[in-house]
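**Student:** One structure follows; several queries about it will come next.
Numbering (the numbering used here), first residue to last: 112 to 209.
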């Protein structure tokens, strides 16, 4: 849609490209939903595989309870780490750029 407007094509072309743009945006939104769902299922499967492998290695059954403060704290730290490393990377890139 935007390219047709910048080039100066007539309104009929703009109308048609707007329809195609809308369809593309809808398709992208649906695709993002599927990607997020697949990422969640993959992370759960990896976590279950890790618990199973760790249980076999230790020779005892491992249970994860969200009521355990150690598990809750570890999950929080693990969730914060990507943001921390992203912030550190952006800060260092900003220093190097200027």
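Note that beta-carbon positions come from the ideal geometry of N, C-alpha and C, so glycine has one too.
For residue 53 versus residue 128, is the C-beta spacing smaller than 7 Å?
**Tutor:** Only positions 112 to 209 of the chain appear in the structure, and residue 53 is not among them; the question remains open.
**Student:** Let me know the secondary structure DSSP gives residue 119 once reduced to three states.
**Tutor:** The count along the chain shown starts at 1 and reaches residue 119 at position 8. Three-state DSSP puts residue 119 in coil, outside helix and strand.
**Student:** Just verifying my parser: in three-state terms, what is the DSSP assignment at residue 210?
**Tutor:** The displayed coordinates of the chain run from 112 to 209. Any statement about residue 210 would go beyond what the structure contains.
**Student:** For residue 162 and residue 173, which I take to be in contact (beta-carbon distance under 8 Å), what is that distance rounded to the nearest angstrom?
**Tutor:** Taking the first residue of the chain shown as position 1, residue 162 is located at position 51. Taking the first residue of the chain shown as position 1, residue 173 is located at position 62. That pair is a contact at about 6 Å.
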